[in-house]
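Heads up: the structure comes next, in structure tokens.
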Amino acid sequence: LRVDPISQAFFTASIRCEVGDGTSTSFWSDPWLQGGCLSALAPDLVDIVPSHQRFRRTVASALVNHNWITDLVGPLTLPVLFQFLLLRQRLQEVVLDPSTPDRVVWNWCPSGLYSCSSAYQAHFVGQTALLGAKELWKVKAPNEFRLFFWLAIQDRCWTSDRLLRHGLQNSGSCALCCQQTETIDHLLLQCVFSKEI
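Numbering of the sequence shown is given in UniProt numbering, commencing with residue 1 and proceeding in unit increments.
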């Protein structure tokens with residue numbers, strides 16, 4: 001299954017694995033060690049692990065007799081050795097609890113449970129709402145008018161200035177008054193012909 005890198009990064013940032021017995025958490029690919037993936041902690045070290053082994057090795061099987069070390073195949077460069085020592089030190093603090101199953105926690109909900117609503121809202125974290133957009137959809141008007149004004153407040157109407165920005169031939173001046181550049185603001189608010197209507 002191919003997943004685009006942006007979606008994969010979003011998913012990785014959205015979950016964390018709380019390790020119990022370690023039997024269902026992937027050692028190399030899941031975000032389980034101090035809330036992060038090993039690829040963030042030790043990217044050069046993870047690069048020398050064969051891709052088929054990255055998803056097969058569980059935390060439980062990796063920690064038994066330090067089996068994770070046998071997954072390392074490739075040149076041992078200075079960054080790899082440094083990350084190896086760092087990971088080995090962090091793994092000494094990990095204690096498995098055989099009576100507790102592993103748990104995947106969804107970071108966008110206080111309960112830790114996934115919901116479509118929280119995933120949708122998380123996609124818009126950090127974005128500002130378009131001024132007037134919420135009120136526009138509450139207006140009792142035909143859908144064609146609401147769609148036109150939705151495009152207008154986003155500056156997506158095909159006016160002369162937009163045609164020029166996209167490299168399409170056009171005079172650039174207003175088709176009604178031929179006095180100023182045809183922008184959506186000019187057409188709706190400033191044009192002398194629009195003011196008469």
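We put the CB at the ideal spot given by N, CA and C, even for glycine.
Practice task
Can you tell me which of the three DSSP states Val-73 falls into?
Solution key: Residue state, collapsed to three classes: coil.
Exercise for the section: With DSSP as the reference, label Ser-7 as helix, strand or coil. Expected result: Correct three-state label for Ser-7: helix.
Practice task
Run the CB neighbour count on Phe-193, radius 10 Å, all protein chains shown included, and call it buried at 16 or more, exposed below.
Solution key: Exposed, since its Cβ has fewer than 16 Cβ neighbours within 10 Å.
Handout entry: Opposing strand residues paired with Gln-181 [DSSP bridges]
Key = Sequence check: residue 181 is Thr here, not Gln. In the DSSP output, where bridge partners are listed per residue, Thr-181 has Ser-173.
Exercise for the section: Within 10 angstroms of the Cβ of Asp-30, are there 16 or more other Cβ atoms? Answer buried if so, exposed if not. Expected result: The residue in question, Asp-30, is buried, as its Cβ has 16 or more Cβ neighbours within 10 Å.
Handout entry: Per DSSP, cross-strand counterpart(s) of Val-192
Key = Val-192 is not bridged by DSSP to any residue.
Handout entry: Where Leu-168 falls: helix, strand or coil (DSSP)
Key = In this structure, Leu-168 counts as coil in the three-state DSSP scheme.
Exercise for the section: May I ask you to list the residues that DSSP assigns as paired with Leu-33? Expected result: Under DSSP, Leu-33 shares a beta bridge with Gly-36.
Practice task
Find the nearest neighbour of Thr-181 within the set Ile-197, Asp-71, Asp-161, judged by alpha-carbon distance.
Solution key: Out of Ile-197, Asp-71, Asp-161, the CA that lies nearest to the CA of Thr-181 is found in Asp-161.
Exercise for the section: Indicate whether at least one CB of chain D lies closer than 8 angstroms to the CB of Gln-121. Expected result: Among the protein chains of the structure shown there is no chain D, as only one such chain exists.
Exercise for the section: Assign Arg-2 to one of three DSSP states: helix, strand, or coil. Expected result: DSSP places Arg-2 in the coil class of the three-state scheme, outside both helix and strand.
Handout entry: Own chain residues within Cβ distance below 8 angstroms of Gln-121, not counting five before or after
Key = Trp-108, listed in sequence order.
Exercise for the section: Decide if Arg-16 is buried, meaning its Cβ has at least 16 other Cβ atoms within 10 Å, or exposed. Expected result: Looking at its Cβ environment, which holds 16 or more other Cβ atoms inside 10 Å, Arg-16 is buried.
Problem - Proximity to Gly-22 [Cα-Cα], best of Phe-149, Ser-14, Arg-103 - result: That would be Arg-103, whose Cα lies nearest to the Cα of Gly-22.
Exercise for the section: Could you check if Trp-158 is buried or exposed, using at least 16 other CB atoms within 10 Å of its CB as the buried criterion? Expected result: Residue environment: Trp-158 is assigned as exposed (fewer than 16 neighbouring CB atoms within 10 Å of its CB, all protein chains considered).
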